[in-house]
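Working notes, beginning with the structure itself.
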Amino acid sequence: TQLLEQSPQFLSIQEGENLTVYCNSSSVFSSLQWYRQEPGEGPVLLVTVVTGGEVKKLKRLTFQFGDARKDSSLHITAAQPGDTGLYLCAGRDSNYQLIWGAGTKLIIKP
Amino acid sequence: NAGVTQTPKFQVLKTGQSMTLQCAQDMNHNSMYWYRQDPGMGLRLIYYSASEGTTDKGEVPNGYNVSRLNKREFSLRLESAAPSQTSVYFCASRGASGTEAFFGQGTRLTVV
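Going line by line, the protein sequences match chains E and X.
Each residue of the first sequence is one higher than the one before, starting from 1 at the first, in this note's numbering.
Each residue of the second sequence is one higher than the one before, starting from 111 at the first, in this note's numbering.
Following this line, the structure appears as structure tokens:
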């Protein structure tokens, strides 16, 4: 069974601080996605990374795919209250299915 | 664009009652999914349908049935609800070539 482990499970920091959340697996994925979910809503895609070592930036968010395509990280610079939410990673396996991590609940305090 | 539409948004059932959760997508996607989301456990796949006319079990199918009515619609049925089925249920769809999953707003189900 393929697993994606996210850490930390919960993070509460002050506005303006930097943070990194991680998504790790022992399995190789053809691509990895990051979603953000706000209360009462479904997850919404932020980014897809495909190539080992790939780095993508979305304003203050930086996403990296590990060289071996088994892990990924999300770094947020100067976090803002609007970044609050549940961050989920999902890896696409060889059968085209998405394998989901349990999520990191992020709270940014003003 | 409506995307993925789920109904109802909230539901309270008594143990043993049945209900059907409805899901429709207007993006002409082949694949549709039903997930449940519980605190600390992320999204767990109940059933999926890779194309019209096919359905397959996911990680947690027990107590549920599904119907892929046509390409647009994928319903989830609870025949005899149990308190362990209290959860938030999400329907999602994915296109043939795309990897992105599009989600509905969810159904918050409480079984008492």
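Even glycine gets a Cβ: it sits at the ideal position worked out from N, Cα and C.
These numbers come from a predicted model, not from an experiment.
query                                                                                                                                                                       : result
If you pair each beta-carbon of the region 150-165 of chain X with each one of the region 88-103 of chain E, do three or more pairs fall below 8 Å?                         : yes
Does the CB of Thr217 (chain X) have a neighbour CB from chain E at under 8 Å?                                                                                              : no
Can Thr115 (chain X) and Gly214 (chain X) be called in contact, C-beta distance under 8 Å?                                                                                  : yes
So, at 6 Å on beta carbons, what are the nonlocal neighbours of Glu17 (chain E) in its own chain, with the 5 sequence-adjacent residues on each side left out?              : Ala79
Measure how close the beta-carbons of Ser72 (chain E) and Val49 (chain E) come, nearest whole angstrom, since I'm counting them as under 8 Å.                               : 6 Å
Can you find the residues in the same chain that come closer than 7 Å, C-beta to C-beta, to Glu169 (chain X), ignoring five residues on each side of it along the sequence? : Arg154 and Leu155
Please look up how many angstroms separate the CB atoms of Glu15 (chain E) and Ile108 (chain E), rounded, as I've assumed it's under 8 Å.                                   : 6 Å
I need the DSSP call for Asp93 (chain E), collapsed to helix, strand or coil.                                                                                               : coil
Should Lys56 (chain E) and Val44 (chain E) be called a contact, given that it needs their Cβ atoms to be closer than 8 Å?                                                   : no
If I'm right that Gln127 (chain X) touches Ser197 (chain X) with Cβ under 8 Å, what's the distance once you round it to whole angstroms?                                    : About 15 Å; that fails the 8 Å criterion.
Which residues mark the beginning and the end of the beta strand (DSSP E) in which Ala112 (chain X) is found?                                                               : Ala112 (chain X) -> no beta strand (DSSP E), and no H or E assigned at all.
Which residue or residues does DSSP assign as beta-bridge partners of Lys56 (chain E)?                                                                                      : E:Phe63
Can you tell which of E:Trp34, E:Phe29 and E:Ile13 has its C-alpha closest to the C-alpha of Ala102 (chain E)?                                                              : E:Trp34
Is there a Cβ of chain E sitting closer than 8 Å to that of Phe200 (chain X), yes or no?                                                                                    : yes
Does Leu179 (chain X) come within less than 8 Å of chain E when only Cβ atoms are used?                                                                                     : no
Who does Asn175 (chain X) pair with in a DSSP beta bridge?                                                                                                                  : X:Arg187
Checking contacts by CB at 8 Å: is Trp100 (chain E) closer than that to chain X?                                                                                            : yes
Tell me the DSSP secondary structure of Ile80 (chain E) in three-state form.                                                                                                : Here residue 80 (chain E) is Gln; the residue named in the question, Ile, does not match the sequence. It is coil, neither helix nor strand.
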